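So the sequence shown is numbered by the working numbering: it starts at 166 and just counts up by one.
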Amino acid sequence: MVCEQMKKKSKRKSSIRGHLFGQTLLVVLTICASAIMVRADGGVVLWQQTSGSITVTAFATQSPLRIGPADISFLIENNDQSRPILDARVIVALEDAGGVTADGEATHDQARNKLLYCSVMNLVKPGPGRMKVIVTDGSEKYDLDHKVEVSGRQSPLIEHWKLLTFPFMIAILFVFHQRLAWMKHAWPPG
166 MVCEQMKKKS
176 KRKSSIRGHL
186 FGQTLLVVLT
196 ICASAIMVRA
206 DGGVVLWQQT
216 SGSITVTAFA
226 TQSPLRIGPA
236 DISFLIENND
246 QSRPILDARV
256 IVALEDAGGV
266 TADGEATHDQ
276 ARNKLLYCSV
286 MNLVKPGPGR
296 MKVIVTDGSE
306 KYDLDHKVEV
316 SGRQSPLIEH
326 WKLLTFPFMI
336 AILFVFHQRL
346 AWMKHAWPPG
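Here you go:
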């Protein structure tokens with residue numbers, strides 16, 4: 166009789182441990198999955214520079230910049246009033262070491278976040294370069310110049326690893342859910 170009660174307690178403890186382990190693993194996997202997908206509206210900060218009465222922060226979808234289309238966004242802030250400037254004109258030029266320039270205008274129309282000015286530029290050569298930004302706000306004109314590094318292409322597997330791992334994460338979560346359900350029915354409390 167005592168042995169049977171001890172076996173039941175042991176099974177119950179094992180069931181509880183398994184259940185807690187499964188819940189903990191589920192929470193950890195969920196946090197990891199959401200952390201992979203979390204990004205700021207403009208991406209990662211490339212640089213921030215103050216010129217006169219404005220501060221310009223440059224964002225890109227990836228850092229370092231890579232060959233191919235690059236989504237570059239800018240936040241223009243008024244230093245005196247600590248608020249974004251929404252009616253400026255922003256011209257961007259990326260110049261590589263060989264003097265080849267890619268240029269364009271950054272606008273709100275291309276940005277998802279309407280506080281940012283966005284431009285999509287096609288980068289063709291890896292190596293060090295300069296990003297020149299001209300901001301015109303009313304009668305004020307600001308010239309900013311910053312060093313940037315352009316890297317070569319990534320392999321498609323490395324570039325899209327998050328998308329490729331998603332189905333496996335779903336399958337793992339399903340397996341753990343089924344294991345928890347089986348454990349619940351295999352050893353009913355009591």
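Positions of the beta carbon are idealized from the N, C-alpha and C atoms, including for glycine.
Being a predicted model, the structure only gives us computed values, none of them experimental.
Counting only runs of 4 or more residues that sit fully inside the stretch 197 to 278, no alpha helix (DSSP H) segment turns up. Going by C-alpha positions, PRO321 is about 37 Å away from PRO249. Note: VAL289 is not bridge-paired with any residue in the DSSP secondary-structure output.
Contact annotation, VAL221 with GLN214: C-beta distance approximately 6 Å; criterion of less than 8 Å satisfied. The stretch 282 to 293 makes contact with the stretch 258 to 270, as at least three CB pairs between them are under 8 Å. It is roughly 51 Å from the alpha-carbon of ALA267 to the alpha-carbon of HIS342. Boundaries for LEU280: no beta strand (DSSP E) harbours it, and the DSSP string shows neither H nor E there. In the DSSP assignment, SER320 falls outside any beta strand (DSSP E) and carries neither an H nor an E.
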